[in-house]
Amino acid sequence: DGAILQRAILAVLTGCERRPLEYGSVSVNLNLKLNLRVRVNGHFEDLPEPEMMRVMFFDPESFDLVTETYLPAKGGRISLPPGKYKFIAYNFDTEATLLRNDRNYYSIEAYTNEVSSSLKSSMLNALRYGKSAVTKADSDEDAWEAALKRLQDTPVIYEPDHLFVSHEDIEVFNITEGQTIEADAETIIETWKISVRIKNEQYMASARALLTGQIASNFIGFPKEEGKTDTDVTLMFDMTAGTDADDNDIVVGKFNTFGKNPSNESRLWLNIILKTTGGETVEWHKDITDEFMTEDAIENQIIHIEEEVVVPVPENPGGGGGGFQPGVSEWEEENIPINI
């Protein structure tokens, strides 16, 4: 009997462990305040309110994801066990802006996809072999060749959508009367407008821009500026014909970016690829690093280039099927055998 009693006591001692007290979840009201105003063209504009926010809570020591939920833009009620958390919320309705590595607070990265290799090759060929709209006086050929080589070696990405991000350190208390958490959210994306004077605008059918010296992504667990990566990329966006305040013809584009690459070696080359109404490809390029860094440009996020893009008069101005003067040549019959 003594041996049996000793074994029973040993089992009890080895089978017990000290565990912290556990509380059930409590209801918390999350009040999200979104700043929808962004600076565009020297003034502020209101962006549409997001449809949905993804709300994530992380362990403050391991930074791993504990739980998540989805709420309307202004927030709502959530259920959490009492404790301390690191909290992130962002709008879940973006198309171009994507998120990856989202299981850890400091690894969540907002980014956009690269353009296809075939599209990049097509644009590089247009820049290298297209008819030049740059005069010799405006062009530093050695610098341009170096920029073209760098452009070939760096990714070309799509421009991001606005991503509204909120991150806070919070504590949920074990109280019965309820708790409200206030959190602010603002976009981590910059919106810029850039315009260039153009001659013979009536012969421009379409225009696409490549802007070097941009960054690829942002780690949204950090404050906006600290989360910017230093991965050098080129941003692709479309441009259209327009007029400025003085009624001058311009080619203009409004684009979103994660920001400028802070490296001193990263130059900002604006490369414009135009299609004429005659079907020709025309390229224009300029180093706009200095223009991008002026006090006025940084404050208003707008750049205006006075040097002209000169569109050559096409041999057949109306027959190229351009975007502004579409046309279709006659169909040619072609017989192709099909194996069934």
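Counted the way the working numbering counts, the sequence shown spans residues 11 to 350. We put the CB at the ideal spot given by N, CA and C, even for glycine. This structure is a prediction, so every number in the text was calculated from the model and none was measured.
(request) Would you mind stating whether ALA215 and MET249 have Cβ atoms separated by less than 8 Å? (result) no
(request) Go ahead and pull the three-state DSSP assignment for THR287. (result) coil
(request) Check whether the Cβ atoms of GLU169 and PHE247 sit closer than 8 Å, and answer yes or no. (result) For GLU169 and PHE247, yes; Cβs fall inside 8 Å.
(message) Whole angstroms are fine: how far does the CA of LEU46 sit from the CA of ASN281?
(response) 31 Å
(message) Can you give me the C-alpha to C-alpha distance between THR24 and PHE174, rounded to a whole angstrom?
(response) Note on THR24: pLDDT 47, under 50, position unreliable in the model; the coordinate value appears next. C-alpha separation (whole angstroms): 52 Å.
(message) Please state the DSSP three-state secondary structure of GLN212.
(response) helix
(message) Tell me which residue opens and which closes the alpha helix (DSSP H) that ILE308 is part of.
(response) 305 to 310
(request) List in chain order: all unbroken beta strand (DSSP E) runs of 3+ residues lying wholly within the region 147 to 184. (result) 166 to 168, 174 to 182
(request) Would you mind sorting LYS285 into buried or exposed? The rule is 16 or more other CB atoms within 10 Å of its CB. (result) If you draw a 10 Å sphere on the C-beta of LYS285, you find 16 or more other C-beta atoms in it, and that means buried.
(request) Taking only beta-carbon positions, decide if GLY34 is within less than 8 Å of chain D. (result) Chain labels in this structure do not include chain D; a single protein chain is all it has.
(message) Checking the sheet assignment: what are the DSSP bridge partners for ARG64?
(response) TYR80, TYR100
(message) Could you compute how far the alpha carbon of THR107 sits from the alpha carbon of ASP171?
(response) Here the alpha carbons of ASP171 and THR107 stand approximately 5 Å from one another.
(message) Once DSSP output is grouped into helix, strand and coil, what is the label at LYS234?
(response) coil
(request) Report the rounded CA-to-CA distance for THR287 versus GLU325, giving the unit in angstroms. (result) A direct Cα-to-Cα measurement between THR287 and GLU325 gives close to 10 Å.
(message) Suppose the cutoff is 6 Å on Cβ atoms and the five residues either side in sequence are ignored; what does the same chain contact list for LEU433 look like?
(response) With the chain covering 11 to 350 only, the question about residue 433 has no answer from this structure.
(request) With DSSP as the reference, label PHE268 as helix, strand or coil. (result) coil
(message) With three or more C-beta pairs closer than 8 Å as the rule, is the region 197 to 205 touching the region 253 to 269?
(response) yes
(message) Do VAL36 and LEU10 have their beta-carbon atoms positioned less than 8 Å apart in this structure?
(response) Past the boundaries of the shown model lies residue 10; the chain is included only from 11 to 350, so the question cannot be answered.
(request) Report back the beta-carbon spacing between GLY188 and LYS238 to the nearest angstrom; my notes put them in contact at under 8 Å. (result) Actually they do not touch by this definition, with Cβ atoms about 38 Å apart.
(message) So for TYR139, helix, strand or coil by DSSP?
(response) helix
(message) Counting C-beta neighbours from all protein chains within 10 Å, is the total for GLN311 16 or more, i.e. buried, or is it exposed?
(response) buried
(message) Applying the 10 Å Cβ sphere with the 16-neighbour rule, what's the burial state of GLN224?
(response) buried
(message) If distances are taken between C-alpha atoms only, which option among THR190, ARG87, THR79 comes closest to ILE98?
(response) Among THR190, ARG87, THR79, the Cα nearest to that of ILE98 is on THR79.
(request) Please classify PHE302: is it buried, with 16 or more other beta-carbons within 10 angstroms of its beta-carbon, or exposed? (result) buried
(request) Can you grab the Cα-Cα spacing for the pair MET133 / ARG110, in whole Å? (result) C-alpha separation (whole angstroms): 28 Å.
(request) Could you check which residue in VAL206, GLU119, PHE67 has the C-alpha nearest to that of ASP297? (result) VAL206
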